[in-house]
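Numbering (my numbering), first residue to last: 226 to 476.
Some notes on the structure that comes next.
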Amino acid sequence: MFHELTIIPGRNKNGQPESPAPLTMKPGQLFAVVGHTGSGKSRLIQDLEQLACGDTVSGRHIWIDGNIPERQARFHTSRQLIAHLSQNMRFVLDVTVEEFIRMHCTCRQRDWQTVLPEVIDQANTITPEHLHGSDSLNLLSGGQSRALMIADVAILCESPIVLIDEVENAGIHKEKSLHLLLKKQKLVLIATHDPHTALMSDCRICMKNGGIQSVIESNEKEQETWERLHAYQQYIVEMQRKMRVGELCVK
């Protein structure tokens, strides 16, 4: 049973120590990873996915439940604990959505007849372009693919840690996506440039020059800022909907 993940600081691109103390994260929490392009967001995500043991360019260590993963079992442990949703979702299997979910259920020893409708229903709450069990994986749009994988990870995948790159660029409902994962008690880390997404988090990890510069916990004043941003975001979403269906973008 997974209880917590801890990042033991390493060094930035200049070899200087990262500033924060060890950072511990638990299931059901949302962490945003923020910073300019090239600041080290992707490197941090890779260190987490690899359960780095001081053997990457950052020199970080990733501990699971207070322990250093054994080198021999490290990559097996990573596959068990971590699901990574990248920006580009491409399927190599030429099967339908239903066949994909049935195969995954077989691997997980789950009843596909129960899981299949739940995964598809949840995916369709995330994407405005609904998908069906008979759809080919290779014909899904980027947004449909991302929605399917988020629903699959939330409902079927047992990995308790989810790493996400740029959910706001996927054409899906980001809040519903994140809330679905958190409701299933996943620890979610998302690399983002979007303040609306970042301020949804319990805590944000600020990157600079390849290292963690600071860690900022959310507070009531930032929640007020998020609520203002959320109102603007809802307006933008409504204008996007009208534009896409051929309505006049007025309100």
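Every residue gets a Cβ at the ideal spot worked out from N, C-alpha and C, and that includes glycine.
Secondary structure of R327 (DSSP, three-state): helix. Using a Cβ distance threshold of 8 angstroms, P252 and P420 do not count as a contacting pair. Under the three-state reduction of DSSP, R469 is assigned to helix. In the DSSP secondary-structure assignment, D390 is bridged to A416. Shown here for I389: same chain residues with a beta carbon closer than 6 angstroms to its own, the five before and five after excluded, namely L310, I415 in chain order. Within its own chain, the residues whose Cβ lies closer than 7 angstroms to the Cβ of I293, once the five positions on either side in sequence are excluded, are C278, H286, listed in chain order. By the Cβ-count criterion, S370 is buried, with 16 or more other Cβ atoms from all chains shown falling within 10 Å of its own Cβ. Look at the beta carbons and you see the stretch 358-374 not touching the stretch 435-449: under three pairs across the two are nearer than 8 angstroms. Contact annotation: L412 and T450 have beta-carbon atoms that are not nearer than 8 angstroms. Taking the CA atoms as reference points, Q459 sits about 28 angstroms from P342. Burial of L403 is indicated by the presence of at least 16 other C-beta atoms within 10 angstroms of its C-beta. In this structure, the beta-carbon distance from L318 to L362 falls below 8 angstroms. D280 has its alpha-carbon roughly 13 angstroms from the corresponding atom of L269.
DSSP lists P242 as the bridge partner or partners of R236.
Spanning the alpha carbons of K446 and C431 requires a straight line of approximately 19 angstroms.
E383 is the residue among E383, E243, S366, C332 whose C-alpha sits nearest the C-alpha of A308. About 6 angstroms separates the beta carbons of K399 and T422, which is inside the 8 angstroms limit, making them a contact pair.
Remark: C-beta atoms of H357 and V322 approach each other more closely than 8 angstroms.
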